[in-house]
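Okay, so here's the structure we're looking at.
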Amino acid sequence: MVQIRCLVFLFGALVLAPTLAAQQTPPADTTESAGVVSPRGAFIRSLILPGWGQSVVGAPGRGGVYFALESTSLWMLYRTQQRLSAARSEERFLRENRLLGPQEQFALVNAREEQRQDWLVLSVFWLFFAGADAFVAAHLRDFDQRVVLAPEPGGALRLQATVPLVRRR
2 MVQIRCLVFL
12 FGALVLAPTL
22 AAQQTPPADT
32 TESAGVVSPR
42 GAFIRSLILP
52 GWGQSVVGAP
62 GRGGVYFALE
72 STSLWMLYRT
82 QQRLSAARSE
92 ERFLRENRLL
102 GPQEQFALVN
112 AREEQRQDWL
122 VLSVFWLFFA
132 GADAFVAAHL
142 RDFDQRVVLA
152 PEPGGALRLQ
162 ATVPLVRRR
């Protein structure tokens, strides 16, 4: 129950942090760009807390999705570890009561170990995928918005680029 409260608190902080930061105004005389995060900084932030890098770059929705994906995979890793412990205690019980021979394998333990490995790999994958996405999002922060990929009524996609023409006087 405490872990769920911590996850809810962290998710709320992740979603509200960009909103609260947007309310602060930088001093009028600054010459540096305030709040610009380097791609490496966004990557590291996202490795520390999945979704943080996306939120800092300006994509809090994507950040929330990565946080939810990582939290879910870590929760399932925890649950699988609990189920593995239960399967091992059941195997011990069967061995003590001589219902399972010393050389026999208990299939449930093997299955739970494989599940644990799968969830661990998925958790690491989401961690690095979120970091890579934050890295790319930081690079594309200033990407020209005049290039648009829009759906057509027939289901096709249209790539549209507009080029402003400047008059010379």
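For what it's worth, the working numbering labels the leading residue of the sequence shown as 2, then goes sequentially.
Backbone N, C-alpha and C fix where the C-beta goes; we use that ideal spot for every residue, glycine too.
In this text the structure is predicted, and so the values were computed from the model without any measurement.
Sequence-distant Cβ neighbours of Leu123 in its own chain, meaning closer than 6 Å and more than five residues away, are Ser74.
A straight line joining the alpha-carbon of Ile45 with that of Val57 spans about 12 Å. In the three-state DSSP reduction, Gln106 falls in the coil class, being neither helix nor strand.
The DSSP-derived three-state label of Val57 is helix. Bridge pairing for Val149: Gln161 [DSSP]. Spatial neighbours of Arg84 in its own chain (CB-CB distance under 6 Å, excluding positions within 5 residues in sequence) are listed in chain order as Arg113. Counting along the chain, Arg41 sits inside the alpha helix (DSSP H) bounded by residues 40-49. Across the set Leu95, Asp119, Arg142, the C-alpha of Leu95 shows the shortest separation from the C-alpha of Ala108.
Listed in chain order, the non-local C-beta contacts of His140 below 8 Å within the same chain comprise Pro40, local neighbours out to five positions each way being set aside. Annotation for Ala162: Arg147, Val148, Val149 place their beta carbon closer than 8 Å to its own, counting only its chain and skipping 5 residues before and after. The DSSP-derived three-state label of Asp143 is coil. Taking 9 Å as the cut-off, the beta carbon of Trp127 is found closer than this to the beta carbon of Glu71. Counting other Cβ atoms within 10 Å of its Cβ, Ala60 reaches 16 or more and is therefore classed as buried. Of the residues assessed, Gly155 falls on the exposed side of the cut-off, its CB having fewer than 16 other CB atoms within 10 angstroms.
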